[in-house]
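Below is one structure; the comments refer to it alone.
Residue numbers (the numbering used here), protein chains in the order written: chain A, 1 to 222; chain B, 223 to 660.
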């Protein structure tokens, strides 16, 4: 009997330890509507164990489709490369502005391109020098714990370790200084539901439409 | 001993070149081969891109004067003569070689036909630098070669075609007929998007040559409503007026608008404001800075200055308003400094576009005026008029469009009396067109 109780307690403990690793962040607007495509990342205030410091998963490819950057926002970890794929039937001239991670290249129809590794954690604003209305962003973060909220405004993380973290949300249309907001939290004291809820104080700025003003397609730069 | 008139005719004859179909073939080879040869020669990463437009039309023109087109040296305001006809509205071909270093080389060739008479040639040829914006959104640009001064808000498509209507406004038809810059242009732009601004600004300064006779046709046939661009080698036929046999007997019978006669540079300043939500304002000043009183082989310098203003505004998702105004002065003197021709000119149009599905309905209303300020006998350039265009465009597929268009021009032009035509005249034109962009 004692043996079974010990096993049960151990089993519960194991379950608790495993459950403790998953953690969800939910971002809602001030009128309680889910906010999708918000970049969320967790920066541990302690040294992560070796082996989990660098995200080794494949990056999201930044496509050029219908003369738009798709997705509009991407997020990568410092040290990774950016992947571009021109799915249009025309050439794009992609560039980034400012900062340490500058790049500029022409990408013909159907071509793919991998940039050199981005070595500075910062916001990269991108454009196309042929189609000025095209606009895209990459946020380079210095942590393996990052992602974007889904349509329900939430994102799940599997934490390598419980502890003190800085939780940062970022979006080019987040109407605050630096387009970001950081919250300090201890993952062990966020309640049994393991959900951290972020309520935006201000309405998000409208996302610029990546669309030419002119309705006609066969235009030249006159 | 040849008379003065004979001399003038001889000179005019020397300058006249007819362009044949054989030359068109040569030209197309040229347009195709030059970029390819350059690409091979320089051996740098570059991309060649061809694009173009084919425009075929049927038209009916009717007026009480039964006049031929201004292109034939008569006083008809349209591109086509009185009556029914078929034409190649435009065959435009653009060849662009884009290098990886932000430079590109562009050649645009065009062919047009009226009543079976085909003309083909180069309309633009330039090298262009387009920098990449910096962190604040500033972008530098430069252009060197033969190009259109940035004036038209209608001619924004391949090979300077006008996607909105089959005919151009009087304002831009004149730009296509007499204006072209052979020189250089520097531009600076400020893109607002990197600073969360919806406003973009640009400013350009151009210095050019080879546009000294510009203004002559505005004096001698007045404002016209067509769809023609003057090819680099083309000569424009001057209509008859009595002063050609008297005070202006040295004047050639054709005008070559792209001549350099005084070795002076003209300038064009141009500013542009654009709002992301579909508004645009442009303003500019053009001065060909021609030195008065120079005449070479029957071609006089015309000192031509004007200002232009324009705007585009998206009133609703499916309604756009476009308007432009241009006004200035052109004058020419004899080599002894006597004022020969001196005209103020102005024109403006308003174009309203409405979209329903794949169709566009456009209505353009315009006014034009030439005010003759000199007292040269036998050369009355006074003119005023108004015009209305109603156009329907339907997109058949991604690349092909059909157009149906009606133009009405009511003008009063004193010089029509020289050709025994009524001074006040109403001209009407009906056109059906098919366009294919590639």
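C-beta: ideal position from N, C-alpha, C; glycine also.
If you're wondering where the values come from, they're calculated on a predicted model, not measured in any experiment.
Secondary structure note for residue 439/B: it is in no beta strand (DSSP E), and the uninterrupted alpha helix (DSSP H) holding it is 438 to 442.
Between the stretch 44 to 57 of chain A and the stretch 108 to 115 of chain A there are fewer than three C-beta pairs closer than 8 Å, too few to call the two in contact. Note: residue 310/B is bridge-paired with 278/B in the DSSP secondary-structure output. Every beta strand (DSSP E) stretch that sits fully inside the stretch 620 to 645 of chain B and reaches 3 residues is listed by chain position as 622 to 635. At least 8 Å separates the CB of residue 453/B from every CB of chain A.
Restricted to the stretch 318 to 389 of chain B, the beta strand (DSSP E) segments that are unbroken, complete and at least 3 residues in length are 325 to 336, 339 to 352, 360 to 369, listed in chain order.
Each residue's CA atom was taken as its position, placing residue 167/A and residue 41/A some 6 Å apart. The alpha-carbon separation between residue 484/B and residue 605/B amounts to approximately 29 Å.
Ranked by how close their Cα comes to the Cα of residue 649/B, the residues 326/B, 288/B, 513/B have 288/B in first place. In the DSSP assignment, residue 151/A is bridged to no other residue. For a cut-off of 8 Å, the C-beta gap from residue 548/B to residue 393/B is around 5 Å, short enough to register as a contact.
About 11 Å separates the CB atoms of residue 551/B and residue 596/B; that is not less than 8 Å, and the two are not in contact. Taking 8 Å as the cut-off, the beta carbon of residue 544/B is found closer than this to the beta carbon of residue 534/B.
Against residue 87/A, chain B offers no close residue; the least beta-carbon distance is about 17 Å (beta-carbon pairs closer than 8 Å). For residue 196/A, same chain residues with a beta-carbon under 8 Å away, outside a window of 5 residues either side, are 23, 24, 25, 26, 167, 183, 185, 190 in chain order. For residue 218/A, the nearest beta carbon of chain B is closer than 8 Å to its own beta carbon.
For residue 155/A, there are no C-beta contacts with chain B under 8 Å, since the nearest C-beta of that chain is about 25 Å from it. Below the 7 Å Cβ cutoff, chain B contributes no neighbours of residue 101/A, its closest Cβ being approximately 12 Å away. In the structure shown, residue 144/A adopts coil according to DSSP, grouped into three states. The three-state reading of DSSP puts residue 499/B in coil, since its state is none of H, G, I, E or B. For residue 528/B against residue 508/B, the beta-carbon gap comes to about 5 Å, under 8 Å, which counts as contact.
If the five residues before and after residue 591/B are omitted, its C-beta is found closer than 6 Å to the C-beta atoms of 568, 606, all from its own chain and listed in chain order. For residue 397/B, the three-state secondary structure derived from DSSP is helix. Secondary structure note for residue 535/B: its beta strand (DSSP E) is the uninterrupted segment 525 to 538. Three or more Cβ pairs closer than 8 Å define a contact, and the stretch 386 to 400 of chain B falls short of that threshold against the stretch 355 to 365 of chain B. The beta-carbon of residue 29/A is placed no less than 8 Å from the nearest beta-carbon of chain B.
Taking residue 82/A as reference, the option from 67/A, 201/A, 120/A with the minimal CA-CA separation is 120/A.
Within chain A, the residues 218, 219, 220 have their CB atoms less than 9 Å from the CB of residue 380/B, given in chain order. For residue 213/A, a Cβ of chain B is located within less than 8 Å of the residue's own Cβ.
According to the DSSP assignment, residue 617/B belongs to the beta strand (DSSP E) that extends over 605 to 617. Residue-level contact check: residue 58/A does not touch chain B, since none of the beta carbons of chain B fall below 8 Å from its beta carbon. An exposed status is given to residue 192/A, since fewer than 16 other beta-carbon atoms sit within 10 Å of its beta-carbon. For residue 274/B, the closest of 378/B, 583/B, 408/B by C-alpha to C-alpha distance is 378/B.
Note on residue 523/B: 16 or more other CB atoms within 10 angstroms of its CB, so buried under the neighbour-count rule. With a beta-carbon spacing of about 12 Å, residue 443/B and residue 640/B fall beyond the 8 Å limit used to define contacts. Using beta-carbon distances, residue 74/A does not count as an interface residue toward chain B, since no partner is under 8 Å.
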